[in-house]
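Worksheet: one structure, shown below.
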Amino acid sequence: MKEQVKAWIEDKRLTADSYDSLMIGVIYNSGHHILDDPDVRKWIEMHPDELREMLPFRFNANQQTVLEWFKNRYIDYNERLSTIIYFLTVHYPYGTDEHLSVKRIFRKLSKQEEAQVLQAFANWALEQEGK
321 MKEQVKAWIE DKRLTADSYD SLMIGVIYNS GHHILDDPDV RKWIEMHPDE LREMLPFRFN
381 ANQQTVLEWF KNRYIDYNER LSTIIYFLTV HYPYGTDEHL SVKRIFRKLS KQEEAQVLQA
441 FANWALEQEG K
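Using this note's numbering, read the sequence shown as starting at 321 and increasing by one per residue.
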């Protein structure tokens, strides 16, 4: 059922910002335009904390740039997360233009934005390893 809920979240393009309205829809038996699957509705009612963890963050452009760069490094270069983060945080002025650009963007992220990117990347990486 969890995979069905994941597919439903993707299909409806829901984000972490959707959580409150989803829960109101479940509690008050409303939101039929989104909560159109009775099995999903029941699962959400029984597993609200799991739903919250499954909803992706809505990223700003900087967060999305860093996340995509992480994914590309992970896939294209088979790099570990610790190596990827090291290259973004160590202070040396060389690298490709793309690397230096992402490095500047990464440093502009707030602590919360950085944590959200790292969490999303970690979840994505775990899914990749499970395939």
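Where is the CB? At the ideal position from N, CA and C, for every residue including glycine.
Proximity of residue 346 and residue 386 at Cβ, strictly below 8 Å
Mapped onto the sequence shown, residue 346 falls at position 26. Mapped onto the sequence shown, residue 386 falls at position 66. Contact: no.
How would you write the range of the alpha helix (DSSP H) that residue 374 sits in, first residue to last?
By one-based count along the sequence shown, residue 374 stands at place 54. Element bounds for residue 374: 368 to 374.
By alpha-carbon positions, which one of 419, 396, 395 ends up nearest to residue 406?
Along the sequence shown, read from residue 1 onward, the residue named residue 406 stands at position 86. Checking every option, the nearest Cα to that of residue 406 belongs to 419.
Taking the C-alpha atoms as reference points, what is the distance between residue 428 and residue 391?
For the purposes of this step, residue 428 is taken as the residue at position 108 of the sequence shown. For the purposes of this step, residue 391 is taken as the residue at position 71 of the sequence shown. Computed Cα separation, rounded: 19 Å.
Does DSSP classify residue 347 as helix, strand or coil?
Along the sequence shown, one-based indexing puts residue 347 at 27. DSSP places residue 347 in helix when its eight states are reduced to three.
Looking only at its own chain, which residues have a Cβ that is under 7 Å from the Cβ of residue 337, when we skip the five neighbours before and after it?
In the sequence shown, the residue the question calls residue 337 occupies position 17. The answer, listed in chain order, is 378.
Following the continuous alpha helix (DSSP H) through residue 429, name the residue where it begins and the one where it ends.
The sequence position of residue 429 within the sequence shown is 109, counting from 1. Residue 429 -> no alpha helix (DSSP H), and no H or E assigned at all.
For residue 393, count the other beta carbons within 10 Å of its own beta carbon; 16 or more makes it buried, fewer makes it exposed. Which is it?
Residue mapping note: residue 393 aligns to position 73 of the sequence shown, counting from 1. With 16 or more other Cβ atoms within 10 Å, it is buried.
Could you check if residue 344 is buried or exposed, using at least 16 other CB atoms within 10 Å of its CB as the buried criterion?
Walking along the sequence shown from the start, residue 344 turns up at place 24. Residue 344 comes out exposed.
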